[in-house]
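Protein chains in written order, with our numbering: chain A, 239 to 378; chain B, 874 to 1066.
Below: the structure, in structure tokens.
Below you can see the structure in the form of structure tokens.
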């Protein structure tokens, strides 16, 4: 660890600038209305944020994501959903996921998914691209 | 401020969760750092009721129970060397303290605290070495830190948000130590998300 310190000191001003630019860019992306192509590899890294509560193949604090696309919200057997989610009438696809993941508690008020959301549209697109690959039900 | 910090270490965590007090470094400080107006707006739009706060605390409590159970599996696996086992037991102890504090807070707010799941489907068949166990724990700690990160702005009550930030910091420290134990860069970036 100590060997990181000199590097940090030397580079600090440049890093700060890069950081500010990065934040600015993130805000611009978050504000941009157009939905970009998703990159599943980037999406897999973003899915780590969900990994406190979700796994693809097992119910945890959140329901498993296997078979997500085309499924009615709140329908995984054996998972104790909120009434709000069960009665939301949502069917999961690119568009509904994009809206829900931006601000879960606004889209399904009363949801147990107490997560602020993924505000960046590109990050959501990446995440959805990853989910589309990873949640395909296992071949029989 | 010194008093609050001291209390949080010595007294039951409940004190920290439920007392008033000045934020040391609150979620709003992070918003200011990021210069982010839309975060402030989200906060207003999310102005949550007590019921919502109970929901958030209960989801967090569910996470803590999973963590406690996971460390139990690790500790009983027979795969951990003494120093790693000691760390696992210490970290499990922290999660137990979090769970107690969250349970108390839910009750104080008039809610019904969730209980541990009857069983957890951990990927035990994939845990074959000490490294596997540490990697599994590191993943859970990362997920927990991230879950608190996502929950903090959702709290209606600022004191609860502060308390959640305190827990998030603890999970992040666990994650860093476990990464270090794996020979990975313990602090891979300047921000946790």
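Don't be surprised by glycine CBs; every beta carbon is placed ideally from N, CA and C.
Here DSSP, grouped into helix, strand and coil, assigns residue 286 of chain A to helix. At the C-beta level, residue 934 of chain B and residue 986 of chain B come within 8 Å of one another.
For residue 325 of chain A, the number of other beta carbons within 10 angstroms of its own is below 16, and it is reported as exposed.
Shown here, residue 279 of chain A sits in a helix according to DSSP, grouped into three states. If you ignore the 5 residues before and after residue 942 of chain B, its C-beta comes within less than 7 Å of the C-beta of 989 and 993, all in its own chain and listed in chain order. Bounds of the alpha helix (DSSP H) holding residue 345 of chain A are 342 to 345. The residues 291 and 292, in chain order, have a CB closer than 6 Å to that of residue 300 of chain A in the same chain once the five nearest residues on each side in sequence are set aside. Collapsing the DSSP output to three states places residue 370 of chain A in a helix. Per DSSP, residue 321 of chain A is one residue of the alpha helix (DSSP H) stretching across 321 to 324. According to the DSSP assignment, residue 1046 of chain B belongs to the alpha helix (DSSP H) that extends over 1031 to 1054. Burial state of residue 940 of chain B is buried, judged by a 10 Å Cβ sphere holding 16 or more other Cβ atoms. Between the alpha carbons of residue 1043 of chain B and residue 997 of chain B lies a gap of roughly 25 Å.
Cβ-Cβ separation between residue 352 of chain A and residue 1024 of chain B: approximately 5 Å, consistent with a contact (criterion under 8 Å).
Interface annotation for the region 1043 to 1057 of chain B against chain A: empty, criterion Cβ-Cβ distance under 7 Å.
When CB distances to chain A are screened at a threshold of 9 Å, the residues of the region 998 to 1012 of chain B falling below it are 1012, in chain order.
Per DSSP, the beta bridge partners of residue 329 of chain A are A:310. Residue B:949 holds the alpha-carbon nearest to the alpha-carbon of residue 962 of chain B among B:980, B:1054, B:949 and B:974. Per DSSP, the unbroken alpha helix (DSSP H) holding residue 936 of chain B starts and ends at 923 to 949.
For residue 1054 of chain B against residue 957 of chain B, the beta-carbon gap comes to about 7 Å, under 8 Å, which counts as contact.
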